[in-house]
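These notes concern the structure reproduced below.
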Amino acid sequence: MDAPFSAVRPPAVPRVPAKGHSAPTLALVQQALRAAHRDLSAAEAAELTGLSRATAQRYLSYLVEEGRVRPVLRYGATGRPEHRYKIAS
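In structure tokens, the structure reads:
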């Protein structure tokens, strides 16, 4: 009986595939991006969430694959560009 309503109502936490991701951690990373109101690097996202940089990077990459986050490259004077992330519009 709730099926028609649950199809319209978004889930409380994002759905996550069985790749070792957790829905609460995914929600935490998304909230950090929204609250920042700017693009973030994986290191900045890690600092804001208390996650390791590698874990933040893994969740950010997943969000890019899902189209929920957009990657932004920042080019410096030398070296490789910095990958930054912002909520997709």
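Numbering (this note's numbering), first residue to last: 451 to 539. The C-beta atom is built at its ideal place from N, Cα and C for all residues, glycine as well.
Query raised in the report: Do A495 and A504 have their CB atoms nearer than 7 Å?
Result: The answer is no: Cβ separation not under 7 Å.
Query raised in the report: Taking all protein chains shown into account, do 16 or more other C-beta atoms lie within 10 angstroms of the C-beta of Q481, making it buried, or fewer, making it exposed?
Result: Its Cβ having fewer than 16 others within 10 Å, Q481 is exposed.
Query raised in the report: Beta-carbon separation of R518 and R534 under 7 Å?
Result: R518 is not a Cβ neighbour of R534, given a cutoff of 7 Å.
Query - Reduced DSSP secondary structure (H/G/I, E/B, other) of E516 - result: coil
Requested in this report: Give the straight-line distance between the Cα atoms of R520 and S472, rounded to the nearest whole angstrom.
Outcome: 20 Å
Query raised in the report: Which partner residues of S491 appear in the DSSP bridge assignment?
Result: R534
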